[in-house]
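These notes are about the structure you will find just below.
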Amino acid sequence: MQTIVHKIVDTIEEHLETISLDELAQTLNYSKFYLQRLFAFETGVGLKTYIRLRRLSRAAFELKESEQRVIDIAYKYGYETPESFTKSYKQTTSSSTIKNTLDNQPLRIYPMYRQEPSESEETMMKVRIETRDAFVISGTKYEMSIENNENLKLIPSLWDELNTSGNDQTLFEMNDGSIKGVLGVCVPLDESRMAYWIGTVTQQVVSGYDALHVPTSRFAVFEAKGALPDAIQTAWQAIMQDWIPTSGYQIDGGLDFEVYPNEDPTSDTHIARFG
1 MQTIVHKIVD TIEEHLETIS LDELAQTLNY SKFYLQRLFA FETGVGLKTY IRLRRLSRAA
61 FELKESEQRV IDIAYKYGYE TPESFTKSYK QTTSSSTIKN TLDNQPLRIY PMYRQEPSES
121 EETMMKVRIE TRDAFVISGT KYEMSIENNE NLKLIPSLWD ELNTSGNDQT LFEMNDGSIK
181 GVLGVCVPLD ESRMAYWIGT VTQQVVSGYD ALHVPTSRFA VFEAKGALPD AIQTAWQAIM
241 QDWIPTSGYQ IDGGLDFEVY PNEDPTSDTH IARFG
């Protein structure tokens, strides 16, 4: 089975000389935000960074193994000047000159990503498709980059701060809406930034909190059982590698959220829902 990450990598390799994020998103029929988030989550590398390093590696290889000039290689792989190509290579490899590196040392190549197959029988969870009426989330909004998994580094610290301060219990007490629990909500802002909300569903907007109005929407709802954060990370991996490519559903590029009950998150019996 070819996953979305496989398709991303293959498309990049086929069009490495000229591929842009816009073209990649259009070819694969996913939003730029979603492609970057998925790729970084799976590989640990930002999509733009991956394309830049693969392009640089291919260019350096051709320069070493062919008789082409630096200027020809630079233009072929989208660099505006030979100097910009040389500077990029030197910064990436920490070499003093590109000629020295290519002539006298083993070539440093950033390899094409090879995805390990997932343990789908063990990691895949039950899913249900449901339509939810519009609801309101009262909470706190944070804006962050998704480049190189910056969001995955920041979000756990936000939850640690919430739980340490005791404000998680305040949110549980505020929760009088249709979804029970404290929510973590991801909302795309542009191709490389997102807003992350920590809040809860309330019947009315609560004074002193940011408000997120969610329209009537259709969600795929999953359950992740086990201690956090491992259970959530395992579930996300299964969804991205196994469920999305074979489900027949198209991701709309809107928000997604996780729902945490008022239980011990380190317990092996803890169950979080997300959609």
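Numbering-wise (the working numbering), the sequence shown opens with residue 1 and increments by one. Note that the Cβ used here is the ideal one computed from N, Cα and C, for glycine as well.
Please look up how many angstroms separate the CB atoms of residue i and residue j, rounded, as I've assumed it's under 8 Å.
{"i": "I12", "j": "R54", "result": "6 Å"}
{"i": "G184", "j": "E258", "result": "5 Å"}
{"i": "N148", "j": "V45", "result": "7 Å"}
{"i": "V5", "j": "F39", "result": "6 Å"}
{"i": "V136", "j": "G177", "result": "7 Å"}
Out of curiosity, what's the CA-to-CA distance linking residue i and residue j?
{"i": "T202", "j": "L171", "result": "10 Å"}
{"i": "T3", "j": "D242", "result": "7 Å"}
{"i": "A59", "j": "K87", "result": "13 Å"}
{"i": "D210", "j": "A195", "result": "12 Å"}
{"i": "G181", "j": "V221", "result": "15 Å"}
{"i": "D230", "j": "W236", "result": "10 Å"}
{"i": "E83", "j": "K76", "result": "14 Å"}
{"i": "K225", "j": "G78", "result": "46 Å"}
{"i": "N163", "j": "D190", "result": "29 Å"}
{"i": "E67", "j": "D252", "result": "47 Å"}
{"i": "R114", "j": "E42", "result": "11 Å"}
{"i": "G248", "j": "T18", "result": "30 Å"}
{"i": "E119", "j": "M240", "result": "Since pLDDT at E119 reaches only 48, below the 50 mark, its modelled position is unreliable, and the value read off the structure follows with that caveat. Roughly 13 Å separates the two Cα atoms."}
{"i": "N100", "j": "I73", "result": "Residue placement at N100 is flagged as unreliable, the pLDDT there being 49, under the threshold of 50; the coordinate-derived value follows with that caveat. Approximately 17 Å, taken between the alpha carbons."}
{"i": "Q233", "j": "I71", "result": "44 Å"}
{"i": "P215", "j": "K7", "result": "31 Å"}
In the DSSP output, what is residue i paired with across the bridge?
{"i": "H213", "result": "V136"}
{"i": "S145", "result": "R193"}
{"i": "R128", "result": "V221"}
{"i": "Y110", "result": "The partner list for Y110 (beta bridge, DSSP) is empty, contrary to what the question assumes."}
{"i": "F85", "result": "DSSP lists no partner for F85."}
Could you check if residue i belongs to the surroundings of the ligand FMN, using beta carbon to heavy atom distance under 6 Å?
{"i": "R54", "result": "This structure lacks the ligand FMN, and indeed carries no ligand of any kind."}
Note down, in chain order, each residue of its chain lying with its Cβ closer than 7 Å to the Cβ of residue i, except the 5 sequence neighbours on either side.
{"i": "M174", "result": "S138, T200, T202 and V206"}
{"i": "L16", "result": "R54, R55 and R58"}
{"i": "Y30", "result": "I251"}
Which residues in the same chain have their Cβ closer than 6 Å to the Cβ of residue i, if we skip the five residues on either side of it in sequence?
{"i": "P188", "result": "F33 and M194"}
{"i": "R128", "result": "V221"}
{"i": "K153", "result": "none"}
Only counting the same chain, and skipping five residues up and downstream in sequence, which positions put a Cβ closer than 8 Å to that of residue i?
{"i": "Y112", "result": "The sequence shown places Met at residue 112, rather than the Tyr named in the question. Hits under 8 Å: V9, E13 and R54."}
{"i": "T49", "result": "E147 and N148"}
{"i": "K126", "result": "F222 and E223"}
Could you pull out every unbroken beta strand (DSSP E) segment of at least 3 residues lying fully inside the segment 172-225, listed in chain order? 182-188, 193-202, 210-214 and 217-225
Please give the ranges of any beta strand (DSSP E) in the segment 13-81, keeping only runs that are unbroken, at least 3 residues long and fully inside the region. none
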